[in-house]
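In the order they appear, the protein sequences are chains L and Y.
Take the first sequence: its position 41, counting from 1, is numbered 41 in the working numbering, and each next residue is one higher.
To convert, count from 1 in the second sequence and add 115; that's the working numbering.
See below for the structure under consideration.
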Amino acid sequence: GAGVSQSPSNKVTEKGKDVELRCDPISGHTALYWYRQSLGQGLEFLIYFQGNSAPDKSGLPSDRFSAERTGGSVSTLTIQRTQQEDSAVYLCASSLAGLTFYEQYFGPGTRLTVT
Amino acid sequence: AQRVTQPEKLLSVFKGAPVELKCNYSYSGSPELFWYVQYSRQRLQLLLRHISRESIKGFTADLNKGETSFHLKKPFAQEEDSAMYYCALINGNEKLTFGTGTRLTIIP
């Protein structure tokens, strides 16, 4: 079946603009995760959804970052007033449930470049 | 705070030689550890998890709680093993903490 999809695949934006990144999880997966992969760094956890609620927002780097999930499916990650340090690959993953032994399936990522 | 350390950013190994990708962690609880792999132009995917005690594509990893390590090993490297490898730890809140990754290159 279809895997996790993300859009856009690439986004170039000017500093100060807002951007929205979209994630479509695998159908039936109740847990959804956002990560950020910056050049030379590992993957950084941003936020986790179980259904539509976000029990763990601890990784959001600043109040310019927000995320929502509606209908227990699609999620959007919004970055307001983008800064150059926001440039990274943003990865979304989903899993069957928020339990540790369920594998997380990753999307292809959105490469964000802030100029 | 939990942390995962992969000391080698780059590792080159000749085809047929043994491979060991190092991973050390710090976590106060009982950890669950994983290795994820990203082949060129492919998505990040799970390679193996310690609780399964499995061997995938010839790779194994043993959790050593005394040394707080979860090194990934393969006795004979193959060219298709060239990829980026990430060690990761998960806590009870489902937050995966990744290491910075090791780029493995197999030299033909």
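Note that the Cβ used here is the ideal one computed from N, Cα and C, for glycine as well.
Owing to the predicted nature of the structure, the values given are computational and were not obtained by experimental measurement.
Check: Per-residue DSSP class, three states only, for Asp196 of chain Y; Outcome: helix
Check: Length of the line joining the Cα atoms of Ile205 of chain Y and Gly173 of chain Y; Outcome: 24 Å
Check: Residue nearest to Arg158 of chain Y in terms of C-alpha spacing, selected from L:Lys57, L:Ser66, L:Pro108, L:Tyr90; Outcome: L:Pro108
Check: Whole-angstrom distance between Ile79 of chain L and Phe191 of chain Y, CA atom to CA atom; Outcome: 45 Å
Check: Reduced DSSP category for Asp24 of chain L - H, G, I as helix; E, B as strand; rest coil; Outcome: strand
Check: Ile79 of chain L - partner residues in DSSP beta bridges; Outcome: L:Val19, L:Phe65
Check: C-alpha distance - Leu178 of chain Y paired with Ser184 of chain Y, whole-angstrom precision; Outcome: 6 Å
Check: Where the beta strand (DSSP E) containing Glu147 of chain Y begins and where it ends; Outcome: 147-153
Check: Lys130 of chain Y CB to nearest heavy atom of the ligand FMN below 7 Å; Outcome: Among the components of this structure there are no ligands whatsoever, and the ligand FMN is therefore not found.
Check: CB contact check: Gly72 of chain L to chain Y, cutoff 8 Å; Outcome: no
Check: CB-CB length for Gly42 of chain L against Phe213 of chain Y, believed under 8 Å; Outcome: 4 Å
Check: Nearest-angstrom Cβ-Cβ length linking Leu136 of chain Y and Leu125 of chain Y, presumed shorter than 8 Å; Outcome: At roughly 11 Å, the Cβ-Cβ gap does not stay under 8 Å, so Leu136 of chain Y and Leu125 of chain Y are not in contact.
Check: Beta-carbon spacing of His186 of chain Y, Ala198 of chain Y below 8 Å; Outcome: no
Check: Local conformation of Asp177 of chain Y per DSSP, three classes; Outcome: coil
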